[in-house]
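**Q**
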Amino acid sequence: MSKKDLKLKFDELSSVIGTFKGLEIEVGRIFDDEWEEPMGPTPFPSVGTLRNWDRKLLERYKPFYMPFCDLCCLCTFGKCDLTGDKRGACGIDMAGQQSRIVLIACCIGASTHTAHARHMLDHLLEEFGRNAPLEVALNTGVEAPNIRLVCGIRPKTLRDLEDALDYVETQLVQLMAAAHTGQEGDNIDFESKAFHAGMLDHVAMEVADISQISTLGLPKGDPEAPMTELGYGSIDVSKPVIMCIGHNVLPSVDIIDYLMENKLFGEVEIGGLCCTAHDMSRYDKRSKVIGPISWQLRFIRAGIPDLIVVDEQCLRTDIMIEARKLGVPVIATSEKSCLGLPDRTHDDPDAIVRDLASGAVDGVLIIDPKKVGEVTVKTVLEVAPKRAGKKSFSLDELSELANSCRLCMECVRACPNNLPIVEAMQAAKEGDYSPFAALNDLCVGCARCESACPVDLPIISMITKANEPANLLEKFPMRVGRGAIQDTEIREVGQPIVFGEIPGVVAMVGCANYPAGGGDVARITEEFLKRRFIVVTSGCSAMNIAMTRDEEGLNLYEKYSGHFDAGGLVNVGSCVSNSHITGAAIKIANIFAKRNLRGNYEEIADYIYNRVGAVGVAWGAMSQKAASIAAGCWRLGIPVVVGPHGAKYRRMLLGRKDKEEDWIVYNARDGEEVYVGPAPEHLFYAAETVEEAIVMITKLTMRPNDTAKGRAVKLTHYIDLYKRYYGTMPDDLHLYVRKITDVPFTMRDEIMVALEEKDWSEEKIAIPDPTLLDRMVRRRS
Amino acid sequence: MSQKMTLGQTAEIAGPKKAFIIPKPEVVASMIKRAKRPLLVVGSESAKTMTSDGVLVDTAIRLIGKMTVAATGHLVSEFLKRDVQGVHSISLMNLGDRLRDPLWGGFDGEGQYDLVVFAGFPYYLEWLVLNGLKSFAMDLRTISLTRSYQPNASWSLGSMKVDEWKEVLDKIASTLMEEN
Ligand code: SF4
Ligand code: SF4
Ligand code: SF4
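Protein sequences, first through last, are from chains A and B.
According to the numbering used here, the first sequence is numbered sequentially starting from 1.
According to the numbering used here, the second sequence is numbered sequentially starting from 1.
This is the structure we're talking about:
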């Protein structure tokens, strides 16, 4: 690492300006550099440093705004109607406002990970000390690619991570300030700032994950990371059940430690929802993964948990109301999410247990993770026997409830997926619960239907009850999050990826706001695994991938290896582990192509954009965190595809393949400006159907640098999938076949017909050493 | 209970500028007839939305008349299965992006469309794209044939029951066919 605290103390110092007694000078941290790699041009970039790079991308991928709200109500000058060419009282127009909201969303997302990282780091510094070494992955020298790239520092200890985090926090404040009334006014500048937030987010996520990997004993990039169990059926309901929800594993770690220290692991079930579940299973594979965020209400309503522990992010904010209905005590553990509960951090643990177990309080806030561990376990052991018998809700009751339905359709109109709830009600009145059970996989658990219902029917509970027999049997293996990709793996696959022979790296990430159930995520994943792409995954998507079995009863984790290699299915872990996905792309540029990382953002992004066929897919993206994670990918030149609900992020970044002038690059060999075709066509794209998404993902893996062999492989997949789903040949092959050698041999005849129809000729599309950066041109002819 | 709402989805609340409700099917037919370059855009839900012709794809085929037709998602396969040629396949995002560009030449290179008729989309997705066009393609007129009111179109059907909607669509198609 590069900086050290410097403290000078003088009893007496004489100088030309006088004599000083008892002088103490603190210089904070000064550079102490042993890193031989030269510093690149942009260490610790400020808000405007990478603006030119962003503008190059945004020139190609112009924002297409789809306002989610036509008004602005951010200040007392308004509210202002911005429809059409109207401007608000501050002068902002609709494009400016939409991009401002994108920036705000990305700031919220990045701040959330940053706050998480700060909490994690502060705690670990206290517990393990400043000099605890960073040991992130086996066979790995580049331990923190995002931090190296963005900050230009090489962290070696926990303390070193503070420098990265200090920088991120400072920048986020600058970005938030840009969203104030009467600051930034240009939509493209707002977009550039959103990219900045995204880049910062990946640094923050990296801090959070590598600090926990290094100190808590999580898998260190192990492709053979152990399998854990996922699903309702993995929970033994005869035991007291602790359910942990959220993203910050610290309180759960102390619960697990307390169980182990007191030899209670076998007597109590502990399961998690959302990313906390991932990180718990990385800490101890015996802790169960109940499911993705969308299962929160369903699982609580099923009456299974005897105690709920919440940490942070993506919690249901009405969780106290839900828990109260079922008499389940709640322990909140984060200052960011206090839920109105009394702060008992400094109270005697046994007194807290007494109050929770007796029902004197329905929940408490405890900020100290160790105390959370003790209180949680003691409380659940007392509460569970009292709750026995409260675990079910009868089918007769379901039918009775359905009888009070007025068939008013308000629920359906409120349902984001327009699910046939009324048909299910009608069938349930007659005692047929199967239509209700069929909703189980399609429902995202948002409870909008219930809020809309004039007779307050508990629609989610009814769905859950109807599908209970199947739910209780659901148990799937999932390889726990392995964390980073090893340097040695990158060395093996760098060349085939850059030359296009491994057709692409597809990252299946993000939340569970699916248009038609999580099965689609498994379907997309399998399509690419069968075709020998590398598939990496994290978060809720990594869970949904586990939940589909083939005819032989196997799921994808059982069928595909965890290696970062062709046909590998790599679960990196929780949300913060997404930094390893961008990290892998960065490491390809560094380890395989030997490009310097240090403070060298533009060059590395330019490399990834032109050469690494990586595509992010967030089929159920919902949160602001997903927005900032995506923004970090865009700035690195990695396209992201979202499902139809993702259009609600209110703008896409779309290329125009019909405009030749948009697809000109420099040939780094001689500085010539050449046309390379629209690859990759889009930077942020919402697909309407799974089939459209699969085809688009395949197309987006094409890069100007593909070798003929690589392009032929990518075209084979593109054409094959297009024909399968669209029933015809793609009409844009003339934009992707550069030379006759790009044409896949087995499809030659039909491709040549398609090319002839478009007057294709070999001279049009160049295969240069592509770059968007003038300064990367080595020699001008 | 609150006052009766006419929105399609309770959470997809409209902005201040809202679509006119199409008073009767003949009005749609006459708007299409009067348009110089009308475009019919058919979305992915058309393969499973029932109408009096079978599914919405079948009704869309009756609607075509003089309109250029675009199928989004991977819906073009449904037209090809029915041996209907000449339908342009384009994703909804790509189409929205081109419709807001006054210089786009259209599928035939002859120039931008002046009227776009939408049918067969997930409600929220159509809502969003129509809102993009409402603000960023202000000269373009849009019609939504969705069964629920689409506030961001220029003209939309009101929310109606399934049978009523099937009749309205049928009437639009037959009026257009008579006139052609
Ligand atoms: S920030 Fe601008 S557009 Fe928004 S309410 Fe205030 S004046 Fe109106
Ligand atoms: S909870 Fe399920 S059924 Fe209810 S509105 Fe949400 S997605 Fe629809
Ligand atoms: S809102 Fe309630 S009463 Fe109305 S149809 Fe839906 S479940 Fe029945």
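Virtual Cβ for every residue (Gly too), placed ideally from N, Cα, C.
Being a predicted model, the structure only gives us computed values, none of them experimental.
1. Mind listing the chain D neighbours of residue 136 of chain B? Cutoff is C-beta to C-beta under 7 angstroms, in chain order.
2. As a quick exercise: from B:15, B:80, B:19, B:13, pick the residue whose alpha carbon is nearest that of residue 155 of chain B.
3. CB residue 481 of chain A to CB residue 375 of chain A, shorter than 9 angstroms?
4. Quick one: which chain A residues come within Cβ less than 8 angstroms of residue 122 of chain B?
5. To the nearest angstrom, report how far apart residue 177 of chain A and residue 163 of chain B are at their CA atoms.
6. What in chain A is Cβ-close to residue 15 of chain B, meaning under 9 angstroms?
7. Go ahead and pull the three-state DSSP assignment for residue 454 of chain A.
8. Mind checking who residue 675 of chain A pairs with in its DSSP beta bridge?
9. Tell me, to the nearest whole angstrom, how far the beta carbon of residue 415 of chain A is from that of residue 448 of chain A; I am working on the premise that it is less than 8 angstroms.
10. Just how far apart, CA to CA, sit residue 53 of chain A and residue 604 of chain A?
11. Secondary structure at residue 32 of chain A, three-state DSSP: helix, strand or coil?
12. Look up residue 94 of chain B in the DSSP assignment and say whether it is helix, strand or coil.
13. Going by the DSSP bridge assignment, what does residue 64 of chain A pair with across the sheet?
14. Hey, quick one: how far does the alpha helix (DSSP H) through residue 557 of chain A stretch, first residue to last?
15. Given that a residue counts as buried once 16 or more other Cβ atoms are within 10 Å of its Cβ, and exposed if not, what is residue 32 of chain A?
16. Are the C-beta atoms of residue 181 of chain B and some chain A residue less than 9 angstroms apart?
17. Starting from residue 230 of chain A, trace the alpha helix (DSSP H) in both directions and tell me its first and last residue.
18. Please determine, among A:377, A:383, A:346, A:368, the residue with the shortest C-alpha to C-alpha distance to residue 360 of chain A.
19. Let me check understanding here. Comparing Cα to Cα, which of A:645, A:63, A:727, A:616 lies closest to residue 699 of chain A?
20. Could you name the residues of chain A that residue 117 of chain B contacts, counting a contact when the two beta carbons are closer than 9 angstroms?
21. Ligand 2 and residue 611 of chain A: does the residue's C-beta get closer than 8 angstroms to at least one heavy atom of that ligand?
22. What are the uninterrupted segments assigned as alpha helix (DSSP H) that are 4 or more residues long and contained completely in the stretch 433 to 511 of chain A, given in chain order?
23. For residue 94 of chain A, which of A:84, A:102, A:103 has the nearest alpha-carbon?
24. For chain A, is any of its Cβ atoms less than 9 angstroms away from the one on residue 73 of chain B?
25. Taking 8 angstroms as the cut-off, is the CB of residue 143 of chain B close to at least one heavy atom of ligand 3?
26. Do the stretch 231 to 244 of chain A and the stretch 67 to 87 of chain A meet, that is, are 3 or more Cβ pairs less than 8 angstroms apart?
27. Round the Cβ separation of residue 185 of chain A and residue 91 of chain A to the nearest angstrom and send it over; I've been treating them as touching at under 8 angstroms.
28. Could you please tell me which residues of the stretch 677 to 703 of chain A, in chain order, have their CB closer than 8 angstroms to any CB of chain B?
29. Would you check if there are 3 or more beta carbon pairs closer than 8 angstroms linking the stretch 102 to 118 of chain A to the stretch 163 to 180 of chain A?
30. At 8 angstroms on the CB atoms, spell out the chain A contacts of residue 132 of chain B, in chain order.
31. Do residue 190 of chain A and residue 50 of chain A have their CB atoms nearer than 9 angstroms?
32. Can you tell me whether residue 155 of chain A sits near ligand 3, meaning its C-beta is under 8 angstroms from at least one heavy atom of the ligand?
33. State buried or exposed for residue 761 of chain A, treating a residue as buried only when at least 16 other CB atoms are found within 10 Å of its CB.
34. Measure the alpha-carbon distance for residue 342 of chain A versus residue 351 of chain A and round it to whole angstroms.
35. Looking at C-beta atoms only, is the number of pairs between the stretch 148 to 161 of chain A and the stretch 121 to 129 of chain A that lie closer than 8 angstroms three or more?
36. At a CB-CB cut-off below 8 angstroms, which residues of chain B make contact with residue 648 of chain A?
**A** Based on what the coordinates show:
1. No chain D appears in the structure shown, which is made up of the protein chains A and B.
2. To locate residue 155 of chain B, count along the second sequence from 1; it is residue 155. Nearest to residue 155 of chain B by alpha-carbon distance, out of B:15, B:80, B:19, B:13, is B:19.
3. Taking the first sequence and counting its residues from 1, the one referred to as residue 481 of chain A is at position 481. Taking the first sequence and counting its residues from 1, the one referred to as residue 375 of chain A is at position 375. Cβ distance not < 9 angstroms, so residue 481 of chain A and residue 375 of chain A don't count as in contact.
4. By 1-based counting over the second sequence, the position of residue 122 of chain B is 122. Ordered by position in chain A, the residues that pass the 8 angstroms Cβ test against residue 122 of chain B are 418, 515, 644, 688.
5. Start at 1 with the first residue of the first sequence, and residue 177 of chain A comes out as number 177. Start at 1 with the first residue of the second sequence, and residue 163 of chain B comes out as number 163. Just so you know, the alpha carbons of residue 177 of chain A and residue 163 of chain B end up roughly 53 angstroms apart.
6. In the second sequence, the residue the question calls residue 15 of chain B occupies position 15. Within 9 angstroms Cβ-Cβ: 67, 69, 70, 71, 81, 82, 83.
7. Here the question's residue 454 of chain A lines up with position 454 in the first sequence. Collapsing the DSSP output to three states places residue 454 of chain A in coil.
8. Counting from 1 along the first sequence, the entry for residue 675 of chain A is found at position 675. By DSSP's assignment, residue 675 of chain A forms a beta bridge with A:664.
9. Counted from its first residue, the first sequence places residue 415 of chain A at position 415. Counted from its first residue, the first sequence places residue 448 of chain A at position 448. At roughly 6 angstroms, the Cβ-Cβ gap stays under 8 angstroms, so residue 415 of chain A and residue 448 of chain A are in contact.
10. Mapped onto the first sequence, residue 53 of chain A falls at position 53. Mapped onto the first sequence, residue 604 of chain A falls at position 604. Here the alpha carbon of residue 53 of chain A sits roughly 11 angstroms from the alpha carbon of residue 604 of chain A.
11. For this step, residue 32 of chain A is matched to residue 32 along the first sequence. Any reading at residue 32 of chain A needs caution, since the residue's pLDDT is 48, under 50, leaving its predicted position unreliable; the model's value is listed next. DSSP places residue 32 of chain A in coil when its eight states are reduced to three.
12. As a first step, residue 94 of chain B is located in the second sequence; it is residue number 94 there, counting from the start. In this structure, residue 94 of chain B counts as helix in the three-state DSSP scheme.
13. Residue mapping note: residue 64 of chain A aligns to position 64 of the first sequence, counting from 1. Residue 64 of chain A is bridged to A:652.
14. Residue numbering aside, residue 557 of chain A sits at position 557 when the first sequence is read from its first letter. Start and end: 556 to 559.
15. As a working mapping, residue 32 of chain A is identified with position 32 in the first sequence. Bear in mind that a pLDDT of 48 at residue 32 of chain A, under 50, signals an unreliable position, so the model cannot answer this.
16. This structure cannot settle anything about residue 181 of chain B, because the visible part of chain B is limited to 1 through 180.
17. Indexing the first sequence from 1 puts residue 230 of chain A at position 230. Per DSSP, residue 230 of chain A lies in no alpha helix (DSSP H) segment; the continuous beta strand (DSSP E) that holds it begins and ends at 227 to 230.
18. Here residue 360 of chain A refers to the residue found at position 360 of the first sequence. Out of A:377, A:383, A:346, A:368, the CA that lies nearest to the CA of residue 360 of chain A is found in A:383.
19. Reading the first sequence from its first residue, position 699 is the one you call residue 699 of chain A. Measuring from the Cα of residue 699 of chain A, the nearest candidate turns out to be A:616.
20. Position 117 of the second sequence, counted from the first residue, corresponds to residue 117 of chain B. Correct list: empty, because the minimum Cβ distance to chain A is about 17 angstroms.
21. Within the first sequence, residue 611 of chain A is the residue found at index 611, counting from 1. Not under cutoff, so the answer is no.
22. As far as the stretch 433 to 511 of chain A is concerned, its whole alpha helix (DSSP H) runs of at least 4 residues are 434 to 439, 448 to 452, 459 to 466, 468 to 473, 487 to 498.
23. Locating residue 94 of chain A in the first sequence gives position 94, where the first residue counts as 1. For the options A:84, A:102, A:103, the alpha carbon positioned closest to that of residue 94 of chain A is the one of A:84.
24. Here residue 73 of chain B refers to the residue found at position 73 when the second sequence is read from its first residue. It does; some Cβ of chain A falls within 9 angstroms.
25. The residue given as residue 143 of chain B occupies position 143 in the second sequence. For ligand 3, not one heavy atom lies less than 8 angstroms from the Cβ of residue 143 of chain B.
26. The stretch 231 to 244 of chain A vs the stretch 67 to 87 of chain A: no contact.
27. In the first sequence, residue 185 of chain A corresponds to position 185, counting from 1. In the first sequence, residue 91 of chain A corresponds to position 91, counting from 1. 6 angstroms between Cβ atoms; contact.
28. Listed by position, the residues of the stretch 677 to 703 of chain A near chain B (Cβ gap below 8 angstroms) are 682, 685, 686, 687, 688, 689, 691, 692, 695, 696.
29. With the cut-off at 8 angstroms, the stretch 102 to 118 of chain A and the stretch 163 to 180 of chain A touch.
30. Within the second sequence, the letter at position 132 stands for residue 132 of chain B. For residue 132 of chain B, the chain A residues whose C-beta falls within less than 8 angstroms of its own C-beta are 64, 65, 66, 67, listed in chain order.
31. Within the first sequence, the letter at position 190 stands for residue 190 of chain A. Within the first sequence, the letter at position 50 stands for residue 50 of chain A. In this structure, residue 190 of chain A lies away from residue 50 of chain A, with their beta-carbon atoms at least 9 angstroms apart.
32. On the first sequence, position 155 is the one that residue 155 of chain A refers to. No, Cβ of residue 155 of chain A sits at least 8 angstroms from all heavy atoms of ligand 3.
33. Translated into positions along the first sequence, residue 761 of chain A becomes position 761. Residue 761 of chain A counts as exposed, since fewer than 16 other C-beta atoms from the protein chains shown sit within 10 angstroms of its C-beta.
34. The residue labelled residue 342 of chain A in the question sits at position 342 within the first sequence. The residue labelled residue 351 of chain A in the question sits at position 351 within the first sequence. If you draw a straight line from the Cα of residue 342 of chain A to the Cα of residue 351 of chain A, it comes to about 13 angstroms.
35. A contact is defined here as three or more CB-CB pairs under 8 angstroms, and the stretch 148 to 161 of chain A meets this definition with respect to the stretch 121 to 129 of chain A.
36. Here residue 648 of chain A refers to the residue found at position 648 of the first sequence. When 8 angstroms is used as the limit between beta carbons, residue 648 of chain A is near these residues of chain B: 124, 128, in chain order.
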